[in-house]
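Asks:
Numbering (UniProt numbering), first residue to last: 1 to 451.
1) Taking all protein chains shown into account, do 16 or more other C-beta atoms lie within 10 angstroms of the C-beta of residue 236, making it buried, or fewer, making it exposed?
2) Closer than 6 Å by C-beta to residue 351: which residues in its own chain qualify, once you throw out the five before and the five after it? Chain order, please.
3) Along the alpha helix (DSSP H) that carries residue 226, what are the first and last residues, could you check?
4) Pull up the distance between the alpha-carbon of residue 211 and that of residue 229, whole angstroms please.
5) Quick check on DSSP: helix, strand or coil for residue 31?
6) What does DSSP give as the partner residue(s) for residue 19 in the beta ladder?
7) Where does residue 257 land, buried or exposed, given buried means 16+ other C-beta within 10 angstroms?
8) Note down the Cα distance separating residue 315 from residue 366, rounded to an integer number of angstroms.
9) Does DSSP put residue 221 in a helix, a strand or coil?
10) Residue 116 and residue 110 - do their beta-carbons sit closer together than 7 Å?
11) My assumption, with CB atoms under 8 Å, is that residue 10 sits in contact with residue 388. Please give the rounded CB distance.
12) Using alpha carbons as the reference points, say which of 166, 125, 160, 354 lies closest to residue 145.
13) Residue 407: buried (16+ other C-beta within 10 angstroms of its C-beta) or exposed?
14) Would you mind sorting residue 95 into buried or exposed? The rule is 16 or more other CB atoms within 10 Å of its CB.
15) Quick one: complete alpha helix (DSSP H) runs, 4+ long, within the stretch 146 to 221?
16) What are the start and end residues of each continuous alpha helix (DSSP H) run of 4 or more residues lying completely inside the stretch 224 to 298, in chain order?
17) With 16 other CB atoms within 10 Å as the buried threshold, where does residue 57 fall?
18) Quick check: what's the CA-CA separation for residue 322 versus residue 368?
19) Between the C-alpha atoms of residue 530 and residue 361, what's the straight-line distance to the nearest angstrom?
20) Report back the beta-carbon spacing between residue 216 and residue 199 to the nearest angstrom; my notes put them in contact at under 8 Å.
21) Who are the near neighbours of residue 273 in its chain, counting only those whose CB is closer than 6 Å to its CB and skipping five residues on each side?
22) Where does residue 30 land, buried or exposed, given buried means 16+ other C-beta within 10 angstroms?
23) Where DSSP assigns a beta bridge to residue 43, which residues make up the other side?
24) What's the C-alpha gap between residue 1 and residue 42?
25) Which residues in the same chain as residue 426 place their Cβ atom closer than 8 Å to its Cβ, once the five residues preceding and following it in sequence are excluded?
26) Please determine if the stretch 86 to 94 and the stretch 431 to 442 are in contact, where contact requires at least 3 C-beta pairs separated by less than 8 Å.
27) Would you check if the distance between the CB atom of residue 177 and the CB atom of residue 137 is smaller than 7 Å?
28) Rounded to the nearest angstrom, what separates residue 456 and residue 190 at their Cα positions?
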């Protein structure tokens, strides 16, 4: 007898359920999932179909965190093993691996108990020359208190990638503390006489923010900075682009037209271009970079992490990509639960920010097939678990919320699970001695290079 494989779908992956008109065979249901899978069920009795529809609709729209699957998921790990699993990624060890010079950078206690910025991690690397007053003053002049802090240090050149939110500059406001903070970042790189400030937004969008008392750095106020706008669109444009891609029914003969009309690859190019600019500045020019968008948790995370993948071969390994996501996305307050609709909330907060980062990595894998230890299955698994809510890593919108919800005590970590199954995710073309593996990646981002 032939074995029939029954697909399993986590209810947290369900995006919507559509009931089609009944026919002679029964009542059909179409289940569309957040990971782009589509299932068609044929239920014999209409009443049963309505019951399934109501049940799936309710389960797919939880109203509070306690209803998520991660709080009931039990892989039979005792308390000691669960605690050990949560320690699999050690960000202190990661910053140590970077080789940060402790005479130039140090961990500030200013955000202890999240008192300075509740969406940042509690431990922040800042220039050692920045006084506590400068740190606090800079936070007050940045949207949501997200002051400039270290994301990545490049030991070969001494240049750094820092991140923040936009300044509260409006049309003419300024802050001597914030200006001193950027000066301290610039001086933490002794071989450079200036630094880049990369605003990942389109310039018109950044200018519009000035009317709300926000905006971007005035080069007349900040000593030795060069301002660069990148042009990555906001979360609403990206959400609409992905929806067009999905609605375009790309299996039909108009595939290329639908892809072009969605603008999806244009946006992927913009994110990659941001990473390329930052990586070139750090590795070739030896210049430090401050990256921000509006609040510093979407486009900023994309740009910093793409640049890191280009710069550092470690982030092109299985463990390294986990560390990068934990550092630049989880710890720095990317709003996972809002962006990926973990709860029944505002649909305007939903946007495929992490989807785009994973696609950027996949595009790089197509150009540099020997440079990555992992294959595309690994990226697919990451994408699925961002939406699935099976593990606690991507629940909530910042570290403080995770701590308050006691996620490490009540849920399990995804990273050891992926690591134990790494044989499934290993790229057979990966070679540790290959030139692609060792060096800085320099991708082409012209249209014909995209897959």
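Think of the CB as a built atom: it goes at the ideal place given N, C-alpha and C, for glycine as much as any other residue.
Replies: Answer, in terms of the structure:
1) As a first step, residue 236 is located in the chain shown; it is residue number 236 there, counting from the start. Under this definition residue 236 is an exposed residue.
2) Taking the first residue of the chain shown as position 1, residue 351 is located at position 351. Once the five neighbours on either side are set aside, the close Cβ partners of residue 351 are 235, 238, 239, 339.
3) Residue numbering aside, residue 226 sits at position 226 when the chain shown is read from its first letter. Run containing residue 226: none in the alpha helix (DSSP H); it sits in the beta strand (DSSP E), 225 to 229.
4) Locating residue 211 in the chain shown gives position 211, where the first residue counts as 1. Locating residue 229 in the chain shown gives position 229, where the first residue counts as 1. When rounded, the distance between both Cα atoms is 18 Å.
5) Position 31 of the chain shown, counted from the first residue, corresponds to residue 31. Residue 31 falls in the strand class under three-state DSSP.
6) Locating residue 19 in the chain shown gives position 19, where the first residue counts as 1. For residue 19, which the question treats as bridged, DSSP gives the partners 29.
7) Along the chain shown, one-based indexing puts residue 257 at 257. The residue in question, residue 257, is exposed, as its Cβ has fewer than 16 Cβ neighbours within 10 Å.
8) In the chain shown, counting from the first residue as 1, residue 315 sits at position 315. In the chain shown, counting from the first residue as 1, residue 366 sits at position 366. Approximately 16 Å between the Cα atoms of the pair.
9) Numbered from its first residue, the chain shown carries residue 221 at position 221. Looking at residue 221 - three-state DSSP - the assignment turns out to be coil, as it is neither helix nor strand.
10) Residue numbering aside, residue 110 sits at position 110 when the chain shown is read from its first letter. Residue numbering aside, residue 116 sits at position 116 when the chain shown is read from its first letter. Against a cut-off of 7 Å, the Cβ pair of residue 116 and residue 110 comes out as a contact.
11) As a working mapping, residue 10 is identified with position 10 in the chain shown. As a working mapping, residue 388 is identified with position 388 in the chain shown. Correct: roughly 5 Å between the Cβ atoms.
12) The count along the chain shown starts at 1 and reaches residue 145 at position 145. The option with the nearest alpha carbon to residue 145 is 166.
13) Your numbering for residue 407 matches position 407 in the chain shown. Per the 10 Å Cβ criterion, buried.
14) Here residue 95 corresponds to residue number 95 of the chain shown, with the count starting at 1. Per the 10 Å Cβ criterion, buried.
15) 176 to 187, 203 to 209
16) 235 to 247, 255 to 262, 264 to 280
17) Sequence index remark: in the chain shown, residue 57 carries index 57 (1-based). Its Cβ having fewer than 16 others within 10 Å, residue 57 is exposed.
18) By 1-based counting over the chain shown, the position of residue 322 is 322. By 1-based counting over the chain shown, the position of residue 368 is 368. When rounded, the distance between both Cα atoms is 20 Å.
19) The chain is shown only over 1 to 451; residue 530 falls outside these bounds and no answer can be derived.
20) As a first step, residue 216 must be located in the chain shown, where it is residue number 216. As a first step, residue 199 must be located in the chain shown, where it is residue number 199. Sure, about 5 Å apart at Cβ, within 8 Å.
21) Walking along the chain shown from the start, residue 273 turns up at place 273. So the qualifying residues of the chain are 445.
22) Residue numbering aside, residue 30 sits at position 30 when the chain shown is read from its first letter. By the 10 Å Cβ count, residue 30 comes out exposed.
23) Looking up residue 43 in the chain shown gives position 43. DSSP, once it has assigned bridges, lists 27 as partnering residue 43.
24) Here the question's residue 1 lines up with position 1 in the chain shown. Here the question's residue 42 lines up with position 42 in the chain shown. Its pLDDT being 45, under 50, residue 1 is placed unreliably by the model, and the measurement read from it follows with that caveat. Residue 1 and residue 42: Cα-Cα distance of roughly 23 Å.
25) Translated into the one-based positions of the chain shown, residue 426 becomes position 426. Taken in chain order, the residues that qualify are 318, 373, 374, 375.
26) no
27) Mapped onto the chain shown, residue 177 falls at position 177. Mapped onto the chain shown, residue 137 falls at position 137. Yes, Cβ-Cβ distance for residue 177 and residue 137 is below 7 Å.
28) Nothing can be reported for residue 456: it is not among the residues displayed for the chain, which extend from 1 to 451.
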